[in-house]
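The sequence shown begins at 4 in this note's numbering and counts up by one.
Where is the CB? At the ideal position from N, CA and C, for every residue including glycine.
These figures come from a predicted structure and were not determined experimentally.
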Amino acid sequence: MMHPKLHHIALKVRNLERCEQFYAGVLNLPLIQRHRQEDGAIRSVWFDLEGVTLMLERCEKVTENDKTAPASQAAPGWHLLALTIAPGSRAQWREKLRRAGVRITGETAYSMYFSDPENNRLALSHYPECNPGSEERTEQPALHG
Numbered sequence: 004m005m006h007p008k009l010h011h012i013a014l015k016v017r018n019l020e021r022c023e024q025f026y027a028g029v030l031n032l033p034l035i036q037r038h039r040q041e042d043g044a045i046r047s048v049w050f051d052l053e054g055v056t057l058m059l060e061r062c063e064k065v066t067e068n069d070k071t072a073p074a075s076q077a078a079p080g081w082h083l084l085a086l087t088i089a090p091g092s093r094a095q096w097r098e099k100l101r102r103a104g105v106r107i108t109g110e111t112a113y114s115m116y117f118s119d120p121e122n123n124r125l126a127l128s129h130y131p132e133c134n135p136g137s138e139e140r141t142e143q144p145a146l147h148g
């Protein structure tokens, strides 16, 4: 029997439209499809990650605590979504994120860390190829903005 492989990643979001714009516009992910509820409202948006599907699903209930809960490395559950980039494109991606108002919260020799509009932690990585001239750095708390 074969070992399991990644099939899809599902992420609950409060503002589906804003997150769709971020993943399509800032990260250039190709849209696969939108799923609608019976009333026509968009329920989920699916993006292609080179054969793996990223599903952004609208949260049905949002409590006041959910609105302010920050991303945390110490909390169980979602940690981050790391997307592959070419080592030579790192500076271009850094500039694109800057122009989009996305703050890079940390960098290592292999990855840049940041958050989406709902504070879900993301990374652009080119491991194991090292970025020439970079040093291992510690991360700052993840905040979008």
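Please classify residue i: is it buried, with 16 or more other beta-carbons within 10 angstroms of its beta-carbon, or exposed?
i, result
"Ala126", "buried"
"Leu19", "buried"
"Leu146", "With a pLDDT of 38 at Leu146, under the threshold of 50, the modelled position of this residue cannot be trusted; read the value that follows with caution. Exposed, since its Cβ has fewer than 16 Cβ neighbours within 10 Å."
"Tyr130", "exposed"
"Arg39", "exposed"
"Lys70", "Confidence in Lys70 is poor, its pLDDT being 48 and thus under 50, which makes the residue's placement unreliable; the coordinate value appears in the next sentence. Burial call: exposed."
"Leu9", "exposed"
"Ser92", "exposed"
"Arg102", "exposed"
Could you give the residue range of the alpha helix (DSSP H) that holds residue i?
i, result
"Trp49", "No alpha helix (DSSP H) holds Trp49; the beta strand (DSSP E) holding it covers 45 to 52."
"Leu100", "93 to 102"
Within the continuous beta strand (DSSP E) that includes residue i, where are the two ends?
i, result
"Arg39", "34 to 39"
"Leu19", "Leu19 -> not in any beta strand (DSSP E); alpha helix (DSSP H) instead, spanning 19 to 24."
"Val16", "11 to 16"
"Thr87", "84 to 87"
"Leu125", "124 to 128"
"Tyr116", "114 to 118"
Give me whichever residues DSSP pairs with residue i in a beta bridge.
i, result
"His55", "According to the sequence displayed, residue 55 carries Val and not His. According to DSSP, Val55 bridges with Leu52."
How many whole angstroms separate the CB atoms of residue i and residue j, which I take to be in contact at a CB cut-off of 8 Å?
i, j, result
"Leu100", "Met58", "Their Cβ separation, rounded to whole angstroms, is 23 Å, which puts Leu100 and Met58 out of contact at 8 Å."
"Arg37", "Pro120", "About 18 Å separates the two Cβ atoms, so there is no contact after all."
"Leu86", "Leu30", "7 Å"
"Thr108", "Phe117", "6 Å"
"Val48", "His11", "Rounded, the Cβ-Cβ distance is 13 Å, inconsistent with contact."
Does the beta carbon of residue i sit closer than 8 Å to a beta carbon anywhere in chain C?
i, result
"Asn123", "The chain inventory of the structure shown lacks chain C, comprising one protein chain alone."
Please report how far the alpha carbon of residue i lies from the alpha carbon of residue j, in whole angstroms.
i, j, result
"Gly104", "Ile35", "26 Å"
"Met115", "Asp42", "40 Å"
"Glu23", "Trp96", "18 Å"
"Cys62", "Asn123", "14 Å"
"Pro144", "Trp81", "Low confidence applies to Pro144: its pLDDT is 41, below 50, so where it sits in the model is not reliable, and the reading given next is rough at best. Distance between the alpha carbons of Pro144 and Trp81 is about 15 Å."
"Ala78", "Ser128", "Caution applies to Ala78, whose pLDDT of 49 falls short of 50 and renders its modelled position unreliable; the model cannot decide the point."
"Ile88", "Pro33", "15 Å"
"Gly148", "Ala94", "Annotation note: pLDDT 37 at Gly148 (below 50); position unreliable, coordinate value reported separately. If you take the alpha carbons of Gly148 and Ala94, they lie about 19 Å apart."
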